[in-house]
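First the structure, in the form of structure tokens, and then the observations on it.
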Amino acid sequence: MLEQEMIRQLEEETQEYLANMKRFVELESPSFERKDASDRCCDFLEEKFSGLGFRTRRIPQTECGDHLYGELGSGRKRILIVGHYDTVFPVGTLATMPFRVEGNKAYGPGILDMKGGIMMAYFAIRLLLRRGLMPEGCVGFFFNGDEETGSFHSSDLIIEAARQYENVFVMEPGVDDLHAIKTHRFGRGTYHVIAHGKAAHSGSNSHQAISPLMEIARQLLRVEEWDKELNGSVTLAPTAIEGGEKETCMIPETANFTMDARYATRELCEKVHGEIMALRAIDPRVRLEVQGRVDKPVMLTEPALFEKAKELAKPCGLELRGISIGGGSDGNFTADAGVPTLDGLGASGALLHNPGEFLNVDHFPQRTALTARLLMEL
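Mapping of the sequence shown onto the numbering used here: residues 306 to 683, in sequence order.
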């Protein structure tokens, strides 16, 4: 059977995969901290994929690493592979979190999210090319350098590219499960809530102040109760708070907090987003200002596409199942743009964004074989 032949070949190539992953992971690539370092990582991807015959185009950036687009083949544009090479880990993390393989797990900054998945796509395409199985038409890729911070410099470009293709494969990681891919992602909104009060000396005339700090405290308690009422269909999570100067005797004029909101459905997104933007001060003397936007729309995989993926997965020894996850990806943008999208096709593992982040080495052959079969059939 073809799938079993593919799996056997990929098993033989596992050590080569890990050697490539070592080089990839050791090219540290935070989103914005060090553009020169991130660009060296982009250079690596350009070298690897142009070596397969891709016609690559660098999209220069001033703040983050350059984005990279490539095309292989011609004619009908069948599949766009989407991924990001930036990670949440600052340059220097390798000193305490080196690339290493222990038993069945490979570790390193960004190895799961999502360098492992990009390299799986490389090996899947190389496998098809070597076996003469790459079908007619065009396969493309878009690898960006700013996904971990919201894709604000790339999302419009990704959508523009995706709309030229019939399907999108997002090589984001799965979970710690050989058989799982991500068929539903929550949407995300980011909000900045600012309280405007009245400053005063904290010792001589504190009674004359209108404290924005107290207003922010009340708003945070309101958010806590509101989050409980929403019962997981929407999550409201304050992530930062600031106001005033340490070791001064002043009640400040302003204070603020930042909040991350996640939405399970488009309807809830529209409803709760509107309610957040309409928040008013609890203390009527305070003016409350809310700034915010929906950064990522809700992602849903088309049922027909998922059923086709399940069918192709079985000969690879996979009983594919779709899962829902609160985190977003660039698949949120492509799915919302109306392009059928499969997400979470990359490496399986756990603890992404954590010092213990790892991928499962022995899952590489079957999951990569599935990507290859999808590239052949869709």
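The beta carbon of each residue, even a glycine, is placed where N, CA and C say it ideally should be. Note that this is a predicted model, so its numbers are computed, not measured.
Fill in: Presumed contact (8 Å Cβ cut-off) between Ile416 and Met476, rounded CB distance
Here residue 416 refers to the residue found at position 111 of the sequence shown. Here residue 476 refers to the residue found at position 171 of the sequence shown. The pair is not a contact, with the Cβ atoms about 13 Å apart (cut-off 8 Å).
Item to complete: Buried or exposed for Thr559, please, with buried defined as at least 16 other CB atoms from any protein chain shown within 10 angstroms of its CB.
Response: Residue 559 sits at position 254 when you count from the first residue of the sequence shown. Classification for Thr559: buried.
Worksheet item: So Ser355 is in the alpha helix (DSSP H); what residue range does that whole segment cover?
Response: The residue labelled residue 355 in the question sits at position 50 within the sequence shown. Start and end: Lys340 to Ser355.
Worksheet item: Does the beta-carbon distance from Ala542 to Tyr496 come in below 8 Å?
Response: Position 237 of the sequence shown, counting from 1, holds the residue named residue 542. Position 191 of the sequence shown, counting from 1, holds the residue named residue 496. It is not a contact, given that the beta carbons lie outside the stated cut-off.
Worksheet item: In terms of residue numbering, what span does the alpha helix (DSSP H) encompassing Leu669 cover?
Response: Numbered from 1 along the sequence shown, position 364 holds the residue referred to as residue 669. First, the amino acid is wrong: residue 669 is Phe here, not Leu. Start and end: Phe669 to Glu682.
Practice prompt. Would you mind stating whether Asp391 and Asp451 have Cβ atoms separated by less than 8 Å?
Written response: By one-based count along the sequence shown, residue 391 stands at place 86. By one-based count along the sequence shown, residue 451 stands at place 146. With contacts defined as CB atoms closer than 8 Å, Asp391 and Asp451 qualify as a contacting pair.
Practice prompt. Name the residue from Asn665, Pro620 and Met564 whose alpha carbon lies nearest to the alpha carbon of Asp532.
Written response: Taking the sequence shown and counting its residues from 1, one reaches residue 532 at position 227. It is Met564 whose Cα lies nearest to the Cα of Asp532.
Worksheet entry | Opening and closing residue of the beta strand (DSSP E) in which Tyr412 lies | Here residue 412 refers to the residue found at position 107 when the sequence shown is read from its first residue. For Tyr412, the enclosing beta strand (DSSP E) begins and ends at Lys410 to Tyr412.
Fill in: Contacts around Glu333, its chain only, beta-carbon distance under 6 Å, and the 5 residues preceding and following it disregarded
Locating residue 333 in the sequence shown gives position 28, counting from the first residue. The beta carbon of Glu333 sits closer than 6 Å to the beta carbons of Ala342 and Val396 from its chain, once the five residues preceding and following it are set aside; these are given in chain order.
Discussion item. Based on DSSP bridge pairs, tell me the residues matched to Phe447.
Written reply: Position 142 of the sequence shown, counted from the start, is the residue given in the question as residue 447. Answer by DSSP bridge pairing, in chain order: Tyr374 and Val387.
Item to complete: Could you tell me which residues DSSP puts in a beta bridge with Tyr496?
Response: Residue numbering aside, residue 496 sits at position 191 when the sequence shown is read from its first letter. According to DSSP, which records beta bridges pairwise, Tyr496 is partnered with Met564 and Gly597.
Discussion item. What would DSSP say about Ala583, mapped onto helix, strand or coil?
Written reply: In the sequence shown, the residue the question calls residue 583 occupies position 278. Correct three-state label for Ala583: coil.
Item to complete: Indicate whether Gly636 and Met604 have their beta-carbon atoms separated by less than 8 Å.
Response: To locate residue 636, count along the sequence shown from 1; it is residue 331. To locate residue 604, count along the sequence shown from 1; it is residue 299. Yes, Cβ-Cβ distance for Gly636 and Met604 is below 8 Å.
Worksheet item: How many angstroms separate the CA atom of Gly388 from the CA atom of Tyr568?
Response: Within the sequence shown, numbered from 1, the residue matching residue 388 stands at position 83. Within the sequence shown, numbered from 1, the residue matching residue 568 stands at position 263. Those two C-alpha atoms are separated by around 23 Å.
Worksheet item: Leaving out the 5 sequence neighbours to the left and right, which residues in its chain are closer than 6 Å to Ile423 when beta-carbon positions are compared?
Response: Translated into the one-based positions of the sequence shown, residue 423 becomes position 118. Cβ neighbours of Ile423 beyond the five flanking positions: Gly388 and Met476.
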